[in-house]
Amino acid sequence: MSNLIINKGSGKYTILSLGIALFLVMFFLTFVFLKDTSNVGNNIETVILVELENQHPSNITEIIESELTQIEGIDKIEIEFIDSKNAPSFFNKEIQKVLLNQNVFKNILKGTFFNKLTVQQKQSVSMVASKLGKHISGISLHENMSSSKTIQFNYAIISLPFLIICLGFCSIIIAGTIKSDLSLNQLEVKRSILAGMDPKVLYSGMYKQSFEYFSKSIVIAIILYISTFYLICHFLKLNFSELSVYIYLKPIFTSILIIAIGLYLITKFKVSRFLKSI
Numbered sequence: 205m206s207n208l209i210i211n212k213g214s215g216k217y218t219i220l221s222l223g224i225a226l227f228l229v230m231f232f233l234t235f236v237f238l239k240d241t242s243n244v245g246n247n248i249e250t251v252i253l254v255e256l257e258n259q260h261p262s263n264i265t266e267i268i269e270s271e272l273t274q275i276e277g278i279d280k281i282e283i284e285f286i287d288s289k290n291a292p293s294f295f296n297k298e299i300q301k302v303l304l305n306q307n308v309f310k311n312i313l314k315g316t317f318f319n320k321l322t323v324q325q326k327q328s329v330s331m332v333a334s335k336l337g338k339h340i341s342g343i344s345l346h347e348n349m350s351s352s353k354t355i356q357f358n359y360a361i362i363s364l365p366f367l368i369i370c371l372g373f374c375s376i377i378i379a380g381t382i383k384s385d386l387s388l389n390q391l392e393v394k395r396s397i398l399a400g401m402d403p404k405v406l407y408s409g410m411y412k413q414s415f416e417y418f419s420k421s422i423v424i425a426i427i428l429y430i431s432t433f434y435l436i437c438h439f440l441k442l443n444f445s446e447l448s449v450y451i452y453l454k455p456i457f458t459s460i461l462i463i464a465i466g467l468y469l470i471t472k473f474k475v476s477r478f479l480k481s482i
């Protein structure tokens, strides 16, 4: 095996290229798997309105958030003073406008849980109001269908040009990578065979190199994938953990399977062609 000379080219380029290609496939497949989901975009969110006393600490939002996130099962809550951009959605637009103009929401905080609370959690929220009684006049809970905080994953989100560019870029990367790095140098193949190297050893060496590069590219692809969707969820104020079944498992494993099969078939074809040409 030590006598086999493989044209590795730029290994780092190969790994990075395959990683980007794999990421693009994962990104595309996410929308394919989510296009028919009915539960995404129809989440129940619980909103609390916290009426503050006139005298309250400047960091009251941090205090309330700290108390609420200590409740079992509550990991995240968004607390903010109400303005025209985040008025409670369970009021219609006209009522929101009137209430805002009359400054009814002064000294009222809006807290949003991105899920439906259990009875026990609701009781714990009420206990927080009692605990912070000197700063809070009361807390009211409201449940409504979340619309602005979620994404309807369907093909309408992705334009046809984006799909063409995405898949085209992916194909170019894979083709270029295989041509430059995942191929045996034909001259070295001839030299190896003339030196007594078994063609089967050449064959296995090709697969070993492909597998090594592909394994490392998977790590890059998963890091890019999770980072991208974490940023999407952050800016769109989605609950990242609620989508984990879809954005972790299905696209990742399906993409790895698709690319792995593709690399296997192409590698087999190229090695066979090289051996036949000798």
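So the sequence shown is residues 205 to 482, counted in my numbering.
Idealized CB from N, CA, C, for every residue including glycine.
Since we're looking at a predicted model, the values are computed, not measured.
Since residue i is in the beta strand (DSSP E), which residue starts that stretch and which ends it?
| i | result |
| --- | --- |
| T316 | I312 to F317 |
| E276 | It is not in any beta strand (DSSP E) - E276 carries neither H nor E in the DSSP assignment. |
Is it the case that the Cβ atoms of residue i and residue j are separated by a distance below 8 Å?
| i | j | result |
| --- | --- | --- |
| S483 | L233 | The chain is shown from 205 up to 482; residue 483 falls before or after that span and cannot be answered. |
| V423 | I340 | no |
| I283 | E269 | yes |
| F317 | I343 | no |
| F227 | Y429 | yes |
| I275 | V329 | yes |
Give me the Cβ distance between residue i and residue j, rounded to the nearest whole Å; I'm assuming they're in contact under 8 Å.
| i | j | result |
| --- | --- | --- |
| G337 | L272 | In fact, because the Cβ distance is near 15 Å, the residues do not count as touching under 8 Å. |
| T265 | L345 | With 8 Å as the limit, T265 and L345 do not qualify as a contact, their Cβ atoms being about 18 Å apart. |
| S431 | L222 | That pair is no contact at about 18 Å. |
| L467 | S414 | 6 Å |
| L256 | L313 | 7 Å |
Residue range of the alpha helix (DSSP H) that residue i falls in?
| i | result |
| --- | --- |
| L272 | I264 to L272 |
| K326 | V323 to K335 |
Assign residue i to one of two classes, buried (16 or more other C-beta atoms within 10 Å of its C-beta) or exposed (fewer than that).
| i | result |
| --- | --- |
| M230 | buried |
| A225 | buried |
| M205 | Interpretation of M205 is limited by its pLDDT of 35, a score under 50 that renders its predicted location unreliable; the figure taken from the coordinates is listed afterwards. Exposed is the call here. |
| G277 | exposed |
| Q325 | buried |
| Y434 | exposed |
| A425 | buried |
| V332 | buried |
| L321 | buried |
| A399 | exposed |
| I427 | exposed |
| I465 | exposed |
Would residue i pass as an interface residue toward chain B - the criterion being a Cβ-Cβ separation below 8 Å?
| i | result |
| --- | --- |
| S408 | Structure shown: chain B not included; a single protein chain is present. |
I need the DSSP call for residue i, collapsed to helix, strand or coil.
| i | result |
| --- | --- |
| I172 | There is simply no residue 172 to check, as the chain begins at 205 and stops at 482 in what is shown. |
| I286 | coil |
| F473 | helix |
For the ligand GDP, is there any heavy atom lying closer than 7 Å to the beta carbon of residue i?
| i | result |
| --- | --- |
| T234 | Annotation note on the ligand GDP: not contained in the displayed structure, which lists no ligands. |
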